[in-house]
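Visitor: Note that the sequence shown covers residues 60 to 240 in this note's numbering.
Please see the structure below; I have some questions.
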Amino acid sequence: MNKNLGWKLIVIVVTLLVFLFGIFGVPQSWSGQGLLAALEHRISLGLDLKGGTHLILQVQVNDAVNVDSDNALERLKAQLRSHKITYSEISKPDAANNPDQILIKGVPPEQSSSLRSLVDDNLPEYSLASGLENTWTVSMKPQALAELKRRAVSQAIETIRNRIDQLGVSEPIIEEHGLGQ
């Protein structure tokens with residue numbers, strides 16, 4: 060019985076050594092530092108095992124532009140009614156791809172100067188361009204659009220920072236990564 064137990068113990072130790080050398084590799088020296096060096100060079104810990112994580116979050120900046128242009132559209136409708144400027148339709152033609160554009164149809168030519176002054180006075184971040192058949196396009200100016208998108212990203216970063224700081228995470232690095240991330 061002892062002879063059988065001895066062979067089992069030898070097989071277990073040999074199997075254990077084979078697996079340990081497979082994981083750590085053969086150390087250059089058998090001292091404590093040599094074994095530690097083999098361990099450090101052979102196994103590299105990922106960011107999660109080192110105690111961190113790396114996330115990239117996409118901020119939906121078009122949603123912020125869409126909300127701003129919706130507000131501008133409602134203000135424009137109210138101003139057109141109060142100044143008695145007639146129109147047949149006011150809408151956003153492509154809210155998904157160009158949420159910063161508002162289309163006004165059916166403004167009589169004699170009221171175009173009133174429309175232009177109304178947009179200039181009440182919507183300074185928008186520009187007005189005339190089109191075919193008494194149509195007008197109200198578009199957000201490029202610098203106002205860029206500023207709105209920048210504010211949306213910085214607001215998202217601030218919200219994330221506040222939520223992470225409440226958790227007590229030590230040394231978080233929260234920064235902008237490209238446009239809208």
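Each residue gets a CB set at the ideal place from its N, CA and C atoms; glycine is no exception.
(1) Would you be able to state if there are at least three C-beta pairs under 8 Å between the region 188–198 and the region 112–125?
(2) Using the Cα positions of Asn130 and Ser172, report the straight-line distance between them to the nearest angstrom.
(3) Give a yes or no on whether the C-beta atoms belonging to Lys208 and Ala155 are separated by under 8 Å.
(4) Hey, which unbroken runs of the beta strand (DSSP E) at 3 residues or more fall wholly within the region 169–204?
(5) Check whether the Cβ atoms of Leu139 and Ser150 lie closer than 8 Å to each other.
(6) From the DSSP output, which residues share a beta bridge with Ser213?
(7) Provide the residue span of the beta strand (DSSP E) that contains Lys148, from first to last.
(8) Which residue marks the beginning of the beta strand (DSSP E) containing Gln160, and which one marks its end?
(9) Roughly how many angstroms separate the alpha carbons of Tyr185 and Ala215, rounded to a whole number?
(10) Can you check whether the CB of Asp159 is closer than 8 Å to the CB of Ser198?
Guide: Put simply:
(1) no
(2) 23 Å
(3) no
(4) 185–189 and 194–199
(5) no
(6) Note: Ser213 sits in no beta bridge, so no partner.
(7) Sequence check: residue 148 is Glu here, not Lys. Looking at the DSSP string, the run of the beta strand (DSSP E) that includes Glu148 is Glu148 to Ser150.
(8) Gln160 to Lys164
(9) 24 Å
(10) yes
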